[in-house]
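Report on the structure given below.
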Amino acid sequence: MVKIGLLGCGTIGSGVVELLGKEWCQKQQLSIEKILVRNLNKHNSTSYGYKLTNNFEDILKSDIDIVVEVMGGTDPAYFYVKQSLLQGRHVVTANKDLIARHGMELQKIAHQNGVRLLFEASVGGGIPIIKPLSESLAANNITEIRGIVNGTTNFILSRMGNSGRSYETALKEAQQLGYAEASPEADVQGYDAARKLAILSSIAFQESVNYEDIYIEGITNITNDDISLAKYLGYSIKLLALSRRNRHGIMARVSPVMLKNAVPLAQVADVYNAIIVKGDAVGDVLFFGQGAGKLPTASAVVGDIFDIVRHNIGSCSPENSALQDMPLAKVDMADSKSDFFIRLKPTHRFDAMNEVAGQFQRFEFVFPDMVKLGKAIDQNQIIFIAYGVLEKDIQQRIALLKSSGKIESILSIIRMEEEL
Numbered sequence: 010m011v012k013i014g015l016l017g018c019g020t021i022g023s024g025v026v027e028l029l030g031k032e033w034c035q036k037q038q039l040s041i042e043k044i045l046v047r048n049l050n051k052h053n054s055t056s057y058g059y060k061l062t063n064n065f066e067d068i069l070k071s072d073i074d075i076v077v078e079v080m081g082g083t084d085p086a087y088f089y090v091k092q093s094l095l096q097g098r099h100v101v102t103a104n105k106d107l108i109a110r111h112g113m114e115l116q117k118i119a120h121q122n123g124v125r126l127l128f129e130a131s132v133g134g135g136i137p138i139i140k141p142l143s144e145s146l147a148a149n150n151i152t153e154i155r156g157i158v159n160g161t162t163n164f165i166l167s168r169m170g171n172s173g174r175s176y177e178t179a180l181k182e183a184q185q186l187g188y189a190e191a192s193p194e195a196d197v198q199g200y201d202a203a204r205k206l207a208i209l210s211s212i213a214f215q216e217s218v219n220y221e222d223i224y225i226e227g228i229t230n231i232t233n234d235d236i237s238l239a240k241y242l243g244y245s246i247k248l249l250a251l252s253r254r255n256r257h258g259i260m261a262r263v264s265p266v267m268l269k270n271a272v273p274l275a276q277v278a279d280v281y282n283a284i285i286v287k288g289d290a291v292g293d294v295l296f297f298g299q300g301a302g303k304l305p306t307a308s309a310v311v312g313d314i315f316d317i318v319r320h321n322i323g324s325c326s327p328e329n330s331a332l333q334d335m336p337l338a339k340v341d342m343a344d345s346k347s348d349f350f351i352r353l354k355p356t357h358r359f360d361a362m363n364e365v366a367g368q369f370q371r372f373e374f375v376f377p378d379m380v381k382l383g384k385a386i387d388q389n390q391i392i393f394i395a396y397g398v399l400e401k402d403i404q405q406r407i408a409l410l411k412s413s414g415k416i417e418s419i420l421s422i423i424r425m426e427e428e429l
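Numbering (the working numbering), first residue to last: 10 to 429.
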């Protein structure tokens, strides 16, 4: 019998308990011995109440083979996971914050103690991506990762696009349905997606990508006018996580992007996630599915448990790890180019248009047909697309526009992609 200690029994933890209770899972001879929770009274009425503890020492003192961490955050999860590894327990975690911050250190400790640290559920919920990236695609030189990896923001943007809801209304609906937290900043500001991108990029490029080095821009400034104009031009707006190798190192960013409707990622709606990995041998490989939720994420957690059980629970080989010792990556997007959709409010319309022409070599003004657009927008605003602008130059050019005295305010700056 393989004995499990569960750290946390919220949404994901209760899903793990539910799956391990199914008949086909019970055939694996798995037993949950202890469940660590913060509030005993909250869970005592459940059928597994007798296994509960609020003392981590009870986990360490128990005869447990695998510690499953689904608490979230890094404090106290980091301490608990580290101590479990140091005591020779295998660890399975769904904690993207923990892996993004401490994954390589914890993986090294696991190796030194002959155990495994698995974290399939930390990215993409129920979508298998960590193992395929580190094992199935190991023969490839991975050159690019792009994806929609945050279900909350994708739900909000989908609602704004499909039903004309405002950002505030769509966010409230996401919170009511349990897709967004009461404090949704990690999702809507892009931090959650950046941590997931850091994990995937580190595995793919075999260089440690610090999520704090990733350019991050959230969706809080996206308006209904942006959504409508994107649709008018044949695009959808998505929060895109993108990393690729370049001659300077690795370009990595998380930002709203206008995607041409014909590309696969533009079709990903609601809470679904999709990740495309580009390899030199296989080309583009698409991973798609539910990126969050109780049972999809618990499915990935239990899959890692089975992996440990089926591959000789008493041994561990460093070659099996997704995050081995690797050099620190140089993350820099300054010399990458993008097309930009820009809206601004002028003080003097024609003078402002002349300023735009002076700042951007390749650009195109957009004059929407109000009938085809399907809604009224401020016709005094200037809308244009700037093509092939270096990331290091865009803010300088915008600053020069602002300082010209011809621009009252910048309404939107959104990157555009046609071939992702």
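Beta carbons: idealized from backbone N, C-alpha and C, even for Gly.
Quick caveat: nothing in here was measured; it's all calculated off a predicted structure.
Phe374 - partner residues in DSSP beta bridges:
DSSP, once it has assigned bridges, lists Phe393 as partnering Phe374.
Report yes or no: do three or more beta-carbon pairs, one from the stretch 357 to 371 and one from the stretch 247 to 264, lie closer than 8 Å?
Taking a cut-off of 8 Å for Cβ pairs, the stretch 357 to 371 and the stretch 247 to 264 do not touch, as fewer than three such pairs fall below it.
Buried or exposed, going by whether 16 or more other CB atoms sit within 10 Å of the CB of Gly82?
Taking a 10 Å sphere around the C-beta of Gly82, we find fewer than 16 other C-beta atoms and assign the residue as exposed.
I think Phe164 touches Ala191, with their Cβ atoms under 8 Å apart; what is that distance to the nearest whole Å?
Their Cβ separation, rounded to whole angstroms, is 16 Å, which puts Phe164 and Ala191 out of contact at 8 Å.
Taking 7 Å as the limit between beta carbons, can you name the residues of its chain near Thr306, skipping five residues before and five after?
Only residues of its own chain outside the window of five on either side were considered, and among them Ile21, Gly24, Ala103, Ala130, Gly134 and Gly135 have a CB closer than 7 Å to the CB of Thr306, listed in chain order.
Measuring straight from C-alpha to C-alpha, what distance separates Asn149 and Ile314?
Asn149 and Ile314: Cα-Cα distance of roughly 27 Å.
Tell me, which residues are paired with Leu337 by DSSP?
Paired residue(s): Ser217.
Cβ-Cβ separation, Ile151 to Ala213 (assumed contact under 8 Å), whole Å
That pair is a contact at about 4 Å.
Quick check on Met10: does DSSP put it in helix, strand or coil?
In this structure, Met10 counts as coil in the three-state DSSP scheme.
Quick one: what does DSSP say Leu29 is sitting in, helix, strand or coil?
In the three-state reduction of the DSSP assignment, Leu29 falls in the helix class, which pools H, G and I.
Distance between Asp235 and Lys381 (C-alpha atoms, nearest Å):
Lys381 and Asp235 have their C-alpha atoms some 15 Å from each other.
Report the residue from Val124, Asn282 and Ala275 whose alpha carbon sits nearest the alpha carbon of Phe297.
Comparing Cα-Cα distances from Phe297 to each of Val124, Asn282 and Ala275, the minimum goes to Asn282.
Taking the DSSP output, what are the residues bridged to Ala250?
In DSSP, Ala250 forms a bridge with Gly156 and Val263.
Residue ranges of each alpha helix (DSSP H) run of no fewer than 4 residues wholly in the stretch 179 to 244, ordered along the chain?
Counting only runs that start and end inside the stretch 179 to 244, the alpha helix (DSSP H) elements of at least 4 residues fall at 194 to 197, 200 to 214 and 233 to 241.
Whole-angstrom Cβ separation of Ser347 and Val263, contact assumed at under 8 Å?
Not really, about 14 Å apart at Cβ, beyond 8 Å.
Taking the continuous beta strand (DSSP E) assigned at Ile423, which residues delimit it?
Ile416 to Glu426 is the extent of the beta strand (DSSP E) around Ile423.
State the start and end residues of the unbroken alpha helix (DSSP H) segment that holds Asn363.
Asn363: member of the alpha helix (DSSP H) spanning Arg358 to Gln368, first to last residue.
Reduced DSSP category for Asn63 - H, G, I as helix; E, B as strand; rest coil:
Correct three-state label for Asn63: coil.
Would you check if the stretch 93 to 101 and the stretch 116 to 132 touch, i.e. whether three or more CB-CB distances between them fall below 8 Å?
Counting Cβ pairs under 8 Å, three or more are found: they touch.
Nearest-angstrom Cβ-Cβ length linking Ile208 and Ile108, presumed shorter than 8 Å
Right, their Cβ atoms sit about 5 Å apart.
Here's the rule I'm using: 16 or more other beta-carbon atoms within 10 Å means buried, otherwise exposed. How should Ser412 be labelled?
Counting other Cβ atoms within 10 Å of its Cβ, Ser412 stays below 16 and is therefore classed as exposed.
With a cut-off of 8 Å on the beta carbons, I'd call Val361 and Leu353 a contact; round off their distance for me.
The displayed chain sequence assigns Ala, not Val, to residue 361. Indeed, because the Cβ distance is near 7 Å, the residues count as touching under 8 Å.
Endpoints, alpha helix (DSSP H) assigned at Pro305:
Element bounds for Pro305: Lys303 to Arg319.
CB-CB length for Ile259 against Ala338, believed under 8 Å
Indeed they touch by this definition, with Cβ atoms about 5 Å apart.
State the Cα-Cα distance for the pair Lys105 and Asp279, rounded to the nearest angstrom.
For the pair Lys105 and Asp279, the Cα-to-Cα distance works out to about 21 Å.
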